[in-house]
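Going line by line, the protein sequences match chains A and B.
The first sequence begins at 11 in this note's numbering and counts up by one.
The second sequence begins at 888 in this note's numbering and counts up by one.
Have a look at the structure below, then the notes.
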Amino acid sequence: MEAIPISPESYNLGFIGAGKMAESIARGVVKSGVLPPQRISTAVHSNPNRRIAFESFGVGVRSNNSAVVEASDVVIFSVKPQVVKDVVLQLKPMLSEKKLLVSVAAGVKLKDLQEWAGHSRFIRVMPNTPSAIGEGATVMSLGGAATEEDGELISKLFGSVGKVWRADEKSFDGITGLSGSGPAYIFLAIEALADGGVAAGVPRELALGLASQTVLGAASMVTKSGKHPGQLKDDVASPGGTTIAGVHELENGGLRGILMNAVVAAAKRSRELS
Amino acid sequence: MEAIPISPESYKLGFIGAGKMAESIARGVVQSGVLPPQRISTAVHSNPNRRIAFESFGVGVRSNNSAVVEASDVVIFSVKPQVVKDVVLQLKPMLSEKKLLVSVAAGVKLKDLQEWAGHSRFIRVMPNTPSAIGEGATVMSLGGAATEEDGELISKLFGSVGKVWRADEKSFDGITGLSGSGPAYIFLAIEALADGGVAAGVPRELALGSSITNCSCIFHVLGAASMVTKSGKHPGQLKDDIASYYGTTIAGVHELEKGGLRGILMNAVVAAAKAKPRAVLELASSL
């Protein structure tokens, strides 16, 4: 049976779980004009600050999850991974295949989500922390009964907080290790670069500002130029210069291997947890 | 004798050296509305492509450097470090203290620039490569007779291609090692992260990207750096915020600490800061 299409112009969106991720997405969606806040709702159980946070930009806050599901055509499960199963099972009677279901829970597989919901019109999404400032790298995988249009709708939602890619679910652990956990590696690197600057005689505040802006600029060059990062490195490392001296230290120290180790270890942990 | 102020609303800008850095700054300045192109000029000697590049967005191209200096209140020396000395000496008769002089030549000190020009209304500026895409990290140091207003004027110019800071010239070697050479370290890191992704089962096109906009790996690096610049939080705090109890992130971080990533990055900055590039050595030996 083919899924009933969801109308992009009039669908209502509901968040089960009113945490930071839900808030980031809701804010991004409203700010970019993808949805007006009146078409968004969530439920807050205990923490009044969460109610205030959502109401402050016009999102409807209901008293319980059932009310949110009732009012929504697209339901995003944004609760912690440990409670997703219970929450989905609890709401199962209301989760008809007319509704498009989405999960952003790290490590929770489509197979299980679909089993708990009783149907496979589910999309699994993995956003990352910088979604909170609109610079997210989000990956999604479509469940069995999710249509292409469903995929585009969700792509548009998460596109309001950054970039979106489609991928096979089997790559998700690797993606977690790379772009899910990646920001932490960059925070470490920025701190270390700043420390290096201070060691080389740059005042701390300047060193930290330069470190983060340099990383931002370099990453922007890779995204915008379309050139291979190895080519970009060649372009800037002139013979006998300061840059190649720095690069030499990185190679001697095995920076590349260490970064690979980090991604692989995080991916392995993701597999263990799921 | 106090320097005659340069009027921000009407000053003319000239580039001595019509290379990529000059073009990036000129484009940034025009695009951001800091200066209309009619108030900018440069000179192109041999390569017609450079003339075309500048004229394509309305910058005046003269036949020689003297004409550029004549027409300008602010003169940016954007020639290679090895030739700065000769170029400044050659133009010295026209370089009155009415003109604000700027050098972006890596490794060339204010002391020398001021000696060659015959006055100290000079500002030394160190931009970095991502200025070409408007995300530069630029640091400047004011010479003896450069005023606060001069500093603000130059700050606004370079602010059109990224962020600008002021610093003592004595920090400039360290700055070279950090923001000057830093982009290369990040290019390496991005390639390695993508390789890690592939090792962990992510297809290459998704890990690194097969076209400009299709780049998962890269985008998280950009997002993370943005979080540091925009949040005002310490990167250590940001790392703590996202490395949750027994999660995947702390597993990755553990590998970085085990491998000594921090020390390696520090080594790179220090080594680059200490390195005496061939260009500067050649220049030094000609003094």
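We put the CB at the ideal spot given by N, CA and C, even for glycine.
Please read these numbers as outputs of a predicted model, since none were measured by experiment.
Chain A contact residues for residue i, given Cβ-Cβ distances below 7 angstroms
{"i": "M1153 of chain B", "result": "A202, D205, G206 and A209"}
{"i": "P1090 of chain B", "result": "S181"}
{"i": "K1126 of chain B", "result": "A194, F197 and L198"}
{"i": "H1006 of chain B", "result": "The premise fails here: H1006 of chain B is roughly 28 angstroms from chain A at the closest Cβ pair, so nothing lies under 7 angstroms."}
{"i": "A1130 of chain B", "result": "A194"}
Assumed close pair residue i, residue j - CB separation to whole angstroms, cut-off 8 angstroms
{"i": "F964 of chain B", "j": "G904 of chain B", "result": "6 angstroms"}
{"i": "L982 of chain B", "j": "A954 of chain B", "result": "That belief does not hold up - the Cβ atoms of L982 of chain B and A954 of chain B are roughly 14 angstroms apart, past 8 angstroms."}
{"i": "G1064 of chain B", "j": "T252 of chain A", "result": "6 angstroms"}
{"i": "L1080 of chain B", "j": "G263 of chain A", "result": "No, L1080 of chain B and G263 of chain A are not in contact; Cβ-Cβ is about 16 angstroms, not under 8 angstroms."}
{"i": "V975 of chain B", "j": "L1000 of chain B", "result": "7 angstroms"}
{"i": "V946 of chain B", "j": "S1047 of chain B", "result": "Going by Cβ atoms, the distance from V946 of chain B to S1047 of chain B rounds to 14 angstroms, so no, they are not a contact pair."}
{"i": "I53 of chain A", "j": "V84 of chain A", "result": "The question names Ile, yet the displayed sequence has Ala at residue 53 of chain A. So it is not a contact: roughly 15 angstroms between Cβ atoms."}
{"i": "A277 of chain A", "j": "G187 of chain A", "result": "3 angstroms"}
{"i": "P137 of chain A", "j": "V112 of chain A", "result": "Contact flag wrong, Cβ pair sits at about 11 angstroms."}
Cross-chain neighbours of residue i in chain B, by beta carbon under 8 angstroms
{"i": "E33 of chain A", "result": "The premise fails here: E33 of chain A is roughly 15 angstroms from chain B at the closest Cβ pair, so nothing lies under 8 angstroms."}
{"i": "S280 of chain A", "result": "T1135"}
Interface residues of chain B facing residue i [CB-CB closer than 7 angstroms]
{"i": "A230 of chain A", "result": "Per the sequence shown, the amino acid found at residue 230 of chain A is Ser instead of Ala. Under the 7 angstroms cutoff, chain B gives P1017, I1020, E1022 and L1109."}
{"i": "V246 of chain A", "result": "T1016, P1070 and A1071"}
{"i": "T252 of chain A", "result": "T1063, G1064, G1067, S1068, A1159, A1162 and P1164"}
{"i": "T157 of chain A", "result": "What T157 of chain A touches in chain B: nothing, since even the nearest Cβ is about 22 angstroms away."}
{"i": "K243 of chain A", "result": "A1071, F1074 and L1075"}
Residue i - containing beta strand (DSSP E), residue span
{"i": "F25 of chain A", "result": "L23 to I26"}
{"i": "M231 of chain A", "result": "That residue, M231 of chain A, is in no beta strand (DSSP E); its alpha helix (DSSP H) goes R214 to S235."}
{"i": "R1053 of chain B", "result": "G1049 to R1053"}
{"i": "M150 of chain A", "result": "G146 to L152"}
{"i": "V85 of chain A", "result": "V84 to F87"}
{"i": "G70 of chain A", "result": "G70 to R72"}
{"i": "V946 of chain B", "result": "That residue, V946 of chain B, is in no beta strand (DSSP E); it is neither H nor E in DSSP."}
{"i": "F1009 of chain B", "result": "F1009 to M1013"}
{"i": "G1023 of chain B", "result": "G1023 to L1029"}
{"i": "P176 of chain A", "result": "Inspection of the sequence shows that residue 176 of chain A is occupied by Arg rather than by Pro. Its beta strand (DSSP E) spans residues G172 to R176."}
{"i": "S1068 of chain B", "result": "Neither: S1068 of chain B is in no beta strand (DSSP E) and is coded neither H nor E."}
{"i": "I1182 of chain B", "result": "In this structure chain B extends from 888 to 1174, so residue 1182 of chain B is not present and cannot be described."}
{"i": "S990 of chain B", "result": "L987 to S990"}
Residue i - containing alpha helix (DSSP H), residue span
{"i": "M1153 of chain B", "result": "L1148 to K1161"}
{"i": "A909 of chain B", "result": "K907 to Q918"}
{"i": "V971 of chain B", "result": "P968 to L978"}
{"i": "F964 of chain B", "result": "From DSSP, F964 of chain B is part of no alpha helix (DSSP H) but of the beta strand (DSSP E) over V961 to F964."}
{"i": "L1125 of chain B", "result": "P1122 to I1129"}
{"i": "T252 of chain A", "result": "T252 to G263"}
{"i": "I893 of chain B", "result": "Per DSSP, I893 of chain B belongs to no alpha helix (DSSP H) and is neither H nor E."}
{"i": "V956 of chain B", "result": "N952 to A958"}
{"i": "L1040 of chain B", "result": "E1035 to G1046"}
{"i": "S34 of chain A", "result": "K30 to K41"}
{"i": "A209 of chain A", "result": "G192 to A209"}
Under 8 angstroms by beta carbon: chain A residues contacting residue i
{"i": "S1058 of chain B", "result": "G211, V212, P213 and L216"}
Residue i: contacting residues in chain B (beta-carbon distance under 9 angstroms)
{"i": "G240 of chain A", "result": "F1074, L1075 and E1078"}
{"i": "A177 of chain A", "result": "V1089, P1090, L1093 and S1103"}
{"i": "L23 of chain A", "result": "Simply none; closest approach about 23 angstroms."}
{"i": "G172 of chain A", "result": "F1106 and G1110"}
Amino acids of chain A, ordered along the chain, whose beta-carbon sits closer than 9 angstroms to that of residue i
{"i": "L1029 of chain B", "result": "Near L1029 of chain B there are no residues of chain A at all, since even the closest Cβ is about 15 angstroms away, more than 9 angstroms."}
{"i": "V1012 of chain B", "result": "Near V1012 of chain B there are no residues of chain A at all, since even the closest Cβ is about 14 angstroms away, more than 9 angstroms."}
{"i": "L1148 of chain B", "result": "Y195, L198, A199, A202, G263, L265, I268, L269 and A272"}
Check distances from the C-beta atoms of the region 184-203 of chain A to those of chain B and list, in chain order, the residues that come in under 8 angstroms. G184, I185, T186, G187, L188, S189, G190, S191, G192, P193, A194, Y195, I196, F197, L198, A199, I200, E201, A202 and L203
Below 8 angstroms between beta carbons is the criterion; list the residues of the region 1034-1050 of chain B that meet it against any residue of chain A, in chain order. G1049 and K1050
Given a limit of 7 angstroms on CB to CB distance, which residues of the region 1104-1123 of chain B reach chain A? C1104, I1105, F1106, H1107, V1108, L1109, G1110, A1111, A1112, S1113, M1114, V1115, T1116, K1117, P1122 and G1123
Pairing CB atoms from the region 256-273 of chain A with CB atoms from the region 1075-1094 of chain B, are three or more of them under 8 angstroms? yes
Against chain B: residues of the region 120-154 of chain A by CB proximity under 7 angstroms: N138, T139, P140, I143, E145, G146, A147 and V149
Inspect the CB distances between the region 78-92 of chain A and the region 111-121 of chain A and report whether three or more fall short of 8 angstroms. In short, these stretches touch, since the Cβ pair count reaches three.
When the Cβ atoms of the region 1009-1028 of chain B are set against those of the region 894-913 of chain B, are three or more pairs found closer than 8 angstroms? yes
Which of the residues in the region 254-277 of chain A, read from start to end, lie with their CB under 9 angstroms from any CB of chain B? I254, A255, G256, V257, H258, E259, L260, E261, N262, G263, G264, L265, R266, G267, I268, L269, M270, N271, A272, V273, V274, A275, A276 and A277
Does the region 1121-1131 of chain B come close enough to the region 191-204 of chain A that 3 or more CB-CB pairs lie under 8 angstroms? yes
Quick test of the definition: if touching needs 3 or more C-beta pairs under 8 angstroms, does the region 155-171 of chain A touch the region 33-40 of chain A? yes
Any residues in the region 215-229 of chain A with a beta carbon nearer than 7 angstroms to a beta carbon of chain B? Which ones, in chain order? The region 215-229 of chain A vs chain B, Cβ under 7 angstroms: L216, A217, G219, L220, A221, S222, Q223, T224, V225, L226, G227, A228 and A229.
Measuring CB atoms only, is the region 106-114 of chain A touching the region 41-51 of chain A, in the sense that at least three cross pairs come out at less than 8 angstroms? no
Taking any Cβ of chain A, which residues in the region 932-951 of chain B have a Cβ under 7 angstroms from it, in chain order? Within the region 932-951 of chain B, no residue has a Cβ that lies closer than 7 angstroms to any Cβ of chain A.
Would you call the region 217-226 of chain A and the region 1142-1149 of chain B touching, i.e. three or more CB-CB distances under 8 angstroms? no
Within 8 angstroms, do at least three Cβ pairs link the region 14-26 of chain A to the region 120-133 of chain A? Output reads no: the region 14-26 of chain A does not touch the region 120-133 of chain A.
Touch test, the region 992-1004 of chain B against the region 1048-1064 of chain B, Cβ-Cβ under 8 angstroms, three pairs minimum: The region 992-1004 of chain B is in contact with the region 1048-1064 of chain B.
When you check each C-beta in the region 1072-1083 of chain B against every C-beta of chain A, which residues fall closer than 9 angstroms? Y1072, I1073, F1074, L1075, A1076, I1077, E1078, A1079, L1080, A1081, D1082 and G1083
Assess, as a yes-or-no matter, whether the region 148-167 of chain A is touched by the region 199-210 of chain A under the definition of 3 or more beta carbon pairs within less than 8 angstroms. Contact between the region 199-210 of chain A and the region 148-167 of chain A is absent, because fewer than three Cβ pairs lie under 8 angstroms.
The region 902-933 of chain B: which residues have C-beta closer than 7 angstroms to a C-beta of chain A, in chain order? none
If contact is defined by three or more beta carbon pairs under 8 angstroms, each pair taking one atom from either stretch, is the region 1008-1020 of chain B in contact with the region 221-228 of chain A? yes
Contact between the region 1105-1115 of chain B and the region 142-150 of chain A (3+ Cβ pairs under 8 angstroms): yes
So if I threshold CB-CB distances at 7 angstroms, which residues from the region 981-996 of chain B count as touching chain A? Under the 7 angstroms Cβ criterion, the region 981-996 of chain B contributes no residue.
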